[in-house]
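Asks:
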Amino acid sequence: MIIYNVTININHDVHDEWLKWMKEEHIPEVLKTGLFTEWKMLRLLGDADSGGTTYAIQYTCDTMEDYEKYRQEYAPALQQATLNKFKDKFVAFRTLLETV
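Under the working numbering, the residues of the sequence shown are numbered 50 to 149, in order.
Next comes the structure, spelled out in structure tokens:
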């Protein structure tokens, strides 16, 4: 099982708008690809001095091929949509994990 993890620190001034957008628009768009079997969003505790709130959004897929298809066919447009909407209001990095 593969976990695609997106860690993002979102500025306080757009936090509520971003969180609503993630839950109502962005995450449903990612799931609509049909490549992920589940997801979860976690909030990092103890990051009060970071200037924002940090989250880890984890999407689970069955195979590396599913992830690669997402990365090649869907990720660029979905990442660009986030950038267009919240430019200069977040920092994000992505990691790939395997269940062992």
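Here a beta-carbon is modelled for each residue, glycine too, at the ideal position from N, C-alpha and C.
For S99 and K81, what's the separation of their Cα atoms in angstroms?
Replies: Counted from its first residue, the sequence shown places residue 99 at position 50. Counted from its first residue, the sequence shown places residue 81 at position 32. Those two C-alpha atoms are separated by around 32 Å.
Asks: Which residues in the same chain as R143 place their Cβ atom closer than 8 Å to its Cβ, once the five residues preceding and following it in sequence are excluded?
Replies: Working through the sequence shown from its first residue, we reach residue 143 at position 94. Same-chain partners within the cutoff: Y53, N54, V55 and T56.
Asks: Just tell me which of A141, D137 and Q128 has its CA closest to the CA of E78.
Replies: Looking up residue 78 in the sequence shown gives position 29. Comparing Cα-Cα distances from E78 to each of A141, D137 and Q128, the minimum goes to Q128.
Asks: Give the DSSP-derived three-state secondary structure of L91 in the structure shown.
Replies: The count along the sequence shown starts at 1 and reaches residue 91 at position 42. DSSP places L91 in strand when its eight states are reduced to three.
Asks: Roughly how far, in whole angstroms, is the beta-carbon of H75 from the beta-carbon of T102, given that I think they are within contact range, below 8 Å?
Replies: If you number the sequence shown from 1, residue 75 lands on position 26. If you number the sequence shown from 1, residue 102 lands on position 53. 16 Å between Cβ atoms; not a contact.
Asks: Report the residue from L145, D137 and R120 whose alpha carbon sits nearest the alpha carbon of Q107.
Replies: Here residue 107 refers to the residue found at position 58 when the sequence shown is read from its first residue. When each option's Cα is compared against that of Q107, the closest is L145.
Asks: Give every residue of the same chain whose Cβ lies closer than 8 Å to the Cβ of E147, excluding the five residues on either side of it in the sequence, and list them in chain order.
Replies: Here residue 147 corresponds to residue number 98 of the sequence shown, with the count starting at 1. Around E147: M50, I51 and I52.
Asks: In whole angstroms, what separates the C-alpha of N133 from that of A141?
Replies: The residue you call residue 133 lines up with position 84 of the sequence shown. The residue you call residue 141 lines up with position 92 of the sequence shown. The straight-line gap from Cα to Cα measures roughly 14 Å.
Asks: Measure the C-alpha to C-alpha separation of D111 and T86 and round it to an integer number of angstroms.
Replies: The residue labelled residue 111 in the question sits at position 62 within the sequence shown. The residue labelled residue 86 in the question sits at position 37 within the sequence shown. Roughly 7 Å separates the two Cα atoms.
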